[in-house]
Structure formats: C-alpha cells, structure tokens
Amino acid sequence: MLGAILAVLSGASFALNNVAARRAVLTGTPIQGMAVTVPIGVLCFLPIAFATGELARLAAFPAVAAAWMAGVGLLHFLFGRYCNYRANQSAGANLSGPVIQMQIVVTLALAVIVLTEPCTLLQLLGGVVMLGGSFVTQSQQSPRTRARASAAAGSAAVAAFVPRYAEGMVFGSLAAIAYGTSPVMVRMALQQTGPSSAILGGLIAYASATVAIAVLVVLSAPLQRNVMALRRESMPWFVYSGVMVALAQGFLFSAVAVAPIMLVVPLQQSSVVFRLIFSRLLNPTHEMFGTRVIIGAALSIVGACTVSIDSGIILNAVGATGELARLLQWHV
Numbered sequence: 022m023l024g025a026i027l028a029v030l031s032g033a034s035f036a037l038n039n040v041a042a043r044r045a046v047l048t049g050t051p052i053q054g055m056a057v058t059v060p061i062g063v064l065c066f067l068p069i070a071f072a073t074g075e076l077a078r079l080a081a082f083p084a085v086a087a088a089w090m091a092g093v094g095l096l097h098f099l100f101g102r103y104c105n106y107r108a109n110q111s112a113g114a115n116l117s118g119p120v121i122q123m124q125i126v127v128t129l130a131l132a133v134i135v136l137t138e139p140c141t142l143l144q145l146l147g148g149v150v151m152l153g154g155s156f157v158t159q160s161q162q163s164p165r166t167r168a169r170a171s172a173a174a175g176s177a178a179v180a181a182f183v184p185r186y187a188e189g190m191v192f193g194s195l196a197a198i199a200y201g202t203s204p205v206m207v208r209m210a211l212q213q214t215g216p217s218s219a220i221l222g223g224l225i226a227y228a229s230a231t232v233a234i235a236v237l238v239v240l241s242a243p244l245q246r247n248v249m250a251l252r253r254e255s256m257p258w259f260v261y262s263g264v265m266v267a268l269a270q271g272f273l274f275s276a277v278a279v280a281p282i283m284l285v286v287p288l289q290q291s292s293v294v295f296r297l298i299f300s301r302l303l304n305p306t307h308e309m310f311g312t313r314v315i316i317g318a319a320l321s322i323v324g325a326c327t328v329s330i331d332s333g334i335i336l337n338a339v340g341a342t343g344e345l346a347r348l349l350q351w352h353v
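Residue numbering for the sequence shown follows our numbering, beginning at 22 and increasing consecutively.
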C-alpha cells in the first residue's frame with residue numbers, strides 16, 4: 022500500500038513538473054532548464070537528508086549503490102531530462118507525454134531481463150495498449166488557429182501552437198529509454214538498503230548530475246552564453262519544475278525501494294490524467310487538446326492498469342478455468 026501511494030504521488034508531481042517545464046521552454050532553452058533544475062534537486066534533497074539523519078550515514082552507504090545512483094544522475098537527470106525538455110519544447114507536454122510514457126515498456130523489459138521479475142500476458146498486452154495510445158495521441162491534427170474572435174468585434178486571430186511532431190517523437194523516445202532504464206538501476210542500488218536510503222540515493226544522483234552540468238558549462242563557451250541568456254520570465258517556471266521533479270523523484274525512489282517495479286511504474290502513469298488537468302489550467306493556449314489526445318491518454322491509463330493487475334486476482338474474481346486460466350497464468 023505504501024509503495025502504491027508513493028507511486029501515485031510521484032505521478033502527480035511529475036505531471037506538474039511537465040506542465041511547468043512546458044511553460045518555461047516557451048521562452049527558455051533545455052540547457053537553461055537543466056542548469057536551473059538539476060542544482061535545485063540538490064537543494065531539495067540536502068536538507069531532508071540532514072534532517073532525517075541520512076546524511077550522517079553517507080560513509081556507510083554501499084559504494085556499489087552510490088556508483089549506481091551516480092549513474093542514475095547522469096542518465097536520468099542529464100541525458101533524459103535534456104531529451105524531455107527538447108520533446109516538450111517541440112511538441113508540448115500533451116503530445117510528447119505519451120511517447121515518453123513508453124518508458125514503462127523499457128522498464129518492463131529490463132525488469133524481466135535484469136531483475137528476473139515475472140512478466141505476465143496481461144502486462145504484455147498492457148504495453149501494447151500503451152503503445153497504441155501513444156500513436157493515437159500523435160495523430161491529433163493541429164488547428165490553424167487556437168481561437169478566432171468575431172469579425173464584428175475586430176479582434177485578431179490568435180496563432181495556434183503548431184507542434185514539430187518528428188522532433189518531438191525522436192527526443193521523446195530517447196527520454197523514454199533513459200527514464201525507463203533508471204528505475205531498474207535505482208532498484209538494483211536500493212533494494213538492499215531500505216526505503217529511507219532513497220533520500221541519500223537521490224542526493225547522490227542529483228549531486229553527480231550537478232557536478233557534470235557544472236563542468237560542461239565551465240568548459241563550453243556556447244553553453245555559458247546559453248545559460249547566461251536565461252530570461253526573467255522563464256526562471257520562475259524552471260524553479261517550479263525543479264522543485265516538483267525533485268519531489269517526484271523522492272517519491273519514486275522511496276516507492277521502488279519498498280515495492281516491485283511492476284507495481285510502482287504502472288501506477289506512476291497516473292501522471293497522464295494529472296498532466297491533462299494541469300495543462301488545461303496552466304497552459305491552455307500552449308498545448309494540443311482534442312479527442313485523440315484524450316483517447317490516447319485513456320488508452321495509456323488502461324494499458325498501465327492492465328500492466329499493474331495481478332493475474333491471480335482476476336483468476337479468483339472470475340473463477341477462470343481451463344485455457345483462460347492457463348493464459349492468465351502464463352508469464353515470462
């Protein structure tokens with residue numbers, strides 16, 4: 022139960038992070054976002070680690086686990102976040118979100134191959150449904166105008182947001198690979214250390230990413246100019262995004278430390294619903310909305326729920342026997 026609650030909280034926090042990041046990249050760049058949000062993660066995790074006493078146990082934190090979490094920081098917070106911001110900037114959170122959500126397929130495959138967790142027929146079908154939802158969402162047509170006032174009032178037409186589908190798909194897919202791999206790495210790092218170690222693990226991951234981005238900015242003059250060109254209107258949204266994603270990561274790390282990935286990752290996909298709600302409230306003119314976006318989101322939720330359902334529960338509920346029972350019990 023604790024793992025499920027933490028997973029849903031993580032999903033809601035990730036959704037708000039995505040919406041804030043979308044607002045930020047309207048006037049900012051992905052590099053600027055990383056330069057702001059990654060260090061914020063350290064600032065969020067450090068006082069919590071100190072207050073909980075986890076920081077005092079840093080020397081006792083297993084070296085192998087620390088190495089895994091440092092790798093998580095580089096893969097997830099640098100490469101994955103950059104790709105996420107690029108996809109968000111190109112296609113918006115509503116269109117790129119279902120593509121990035123395919124991280125669950127990557128995680129499921131790695132959980133079976135690396136962690137030897139079972140994968141049932143329902144989980145395979147759920148992954149296919151989620152993939153279908155992603156394609157349905159991407160088929161949403163872009164209107165030529167977002168809103169058009171009456172000619173009698175003399176109002177000018179407001180230009181619609183026109184997504185760059187190909188760029189959004191490419192970077193969304195790369196983000197999905199990075200984000201889908203990191204939960205397995207976290208599980209390998211923290212499964213022997215307990216849920217409280219998730220705080221220290223998150224701090225290590227953010228610290229490694231912060232050091233890496235600092236080195237890159239110092240060594241690269243173009244990156245320095247990019248970061249220094251950060252606009253005032255982008256800064257607050259990047260800060261909001263950084264705080265929310267740090268909170269979401271904390272919930273996620275705690276969840277995978279106490280519950281199987283096969284439960285945590287699907288429940289975290291509740292972020293699809295939260296993202297649509299937050300996008301409508303905060304970014305109504307900077308996102309794609311429509312029937313296909315809603316259908317794609319619904320399919321993604323159905324697929325995630327299918328993945329998370331225990332086949333044994335269905336067997337007991339419907340009293341399945343014979344061939345149906347064998348199908349539900351089949352697993353990799």
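Beta carbons are placed, not taken as given, at the ideal position from N, Cα and C, and that holds for glycine. These figures come from a predicted structure and were not determined experimentally.
Test item: CB-CB of residue i and residue j under 8 angstroms
i, j, result
"glycine 189", "alanine 114", "no"
"phenylalanine 98", "alanine 230", "yes"
"glycine 32", "glutamine 290", "yes"
"phenylalanine 192", "glycine 54", "no"
"serine 262", "alanine 41", "yes"
"valine 205", "threonine 128", "yes"
"serine 218", "glutamate 75", "yes"
"alanine 197", "methionine 123", "yes"
"threonine 58", "valine 266", "yes"
"leucine 96", "alanine 199", "yes"
"threonine 356", "valine 46", "What the structure shows of the chain is the stretch from 22 to 353, and residue 356 is not part of that stretch, so it cannot be assessed."
CA nearest to the CA of residue i, picked from the options
i, options, result
"leucine 302", "Leu23, Ala28, Ala36", "Ala36"
"arginine 72", "Arg246, Leu221, Val264, Leu268", "The displayed chain sequence assigns alanine, not arginine, to residue 72. Ranking Arg246, Leu221, Val264, Leu268 by Cα distance to alanine 72 puts Leu221 first."
"valine 120", "Val323, Pro257, Ala318", "Ala318"
"leucine 136", "Val314, Ala242, Pro281", "Pro281"
"methionine 22", "Val279, Val294, Phe299, Thr327", "Val279"
"threonine 312", "Ser218, Leu251, Ala87, Leu116", "Leu116"
"threonine 48", "Leu288, Ala250, Ile26", "Ala250"
"alanine 187", "Val85, Gly74, Leu27, Asn109", "Asn109"
Whole-angstrom distance between residue j and residue i, CA atom to CA atom
i, j, result
"isoleucine 69", "glycine 201", "26 angstroms"
"phenylalanine 272", "isoleucine 225", "16 angstroms"
"valine 323", "alanine 77", "43 angstroms"
"arginine 165", "valine 183", "Annotation note: pLDDT 47 at arginine 165 (below 50); position unreliable, no value reported."
"alanine 276", "leucine 211", "11 angstroms"
"alanine 172", "proline 305", "With a pLDDT of 39 at alanine 172, under the threshold of 50, the modelled position of that residue is not reliable, and the figure given next carries that caveat. Approximately 23 angstroms, taken between the alpha carbons."
"valine 179", "valine 314", "Note that valine 179 scores a pLDDT of 45, beneath 50, so its modelled location is shaky; the value from the coordinates is reported in the next line. Spanning the two alpha carbons is a distance of roughly 21 angstroms."
"leucine 131", "isoleucine 52", "29 angstroms"
"proline 60", "tyrosine 106", "16 angstroms"
"arginine 208", "alanine 269", "16 angstroms"
"isoleucine 316", "phenylalanine 100", "30 angstroms"
"arginine 44", "asparagine 38", "10 angstroms"
"serine 176", "glycine 153", "Bear in mind that a pLDDT of 44 at serine 176, under 50, signals an unreliable position, so the model cannot answer this."
"arginine 169", "alanine 242", "Because arginine 169 carries a pLDDT of 43, less than 50, the predicted location of this residue cannot be relied on, and no value is offered for it."
"threonine 214", "alanine 86", "9 angstroms"
"proline 139", "tyrosine 103", "32 angstroms"
"proline 257", "alanine 81", "37 angstroms"
"isoleucine 26", "serine 34", "12 angstroms"
"isoleucine 234", "glutamine 245", "11 angstroms"
"proline 83", "leucine 237", "28 angstroms"
"valine 232", "valine 264", "18 angstroms"
"glutamine 144", "alanine 88", "31 angstroms"
"glycine 118", "arginine 253", "26 angstroms"
"leucine 146", "serine 194", "20 angstroms"
"arginine 185", "leucine 64", "34 angstroms"
Whole-angstrom C-beta distance between residue j and residue i, which should lie under 8 angstroms
i, j, result
"valine 360", "leucine 297", "There is no way to answer for residue 360, as the model of the chain reaches only from 22 to 353."
"glycine 148", "isoleucine 134", "Actually they do not touch by this definition, with Cβ atoms about 14 angstroms apart."
"valine 285", "glycine 24", "6 angstroms"
"serine 203", "valine 93", "5 angstroms"
"alanine 56", "valine 248", "5 angstroms"
"leucine 348", "leucine 142", "6 angstroms"
"phenylalanine 295", "glycine 223", "That belief does not hold up - the Cβ atoms of phenylalanine 295 and glycine 223 are roughly 21 angstroms apart, past 8 angstroms."
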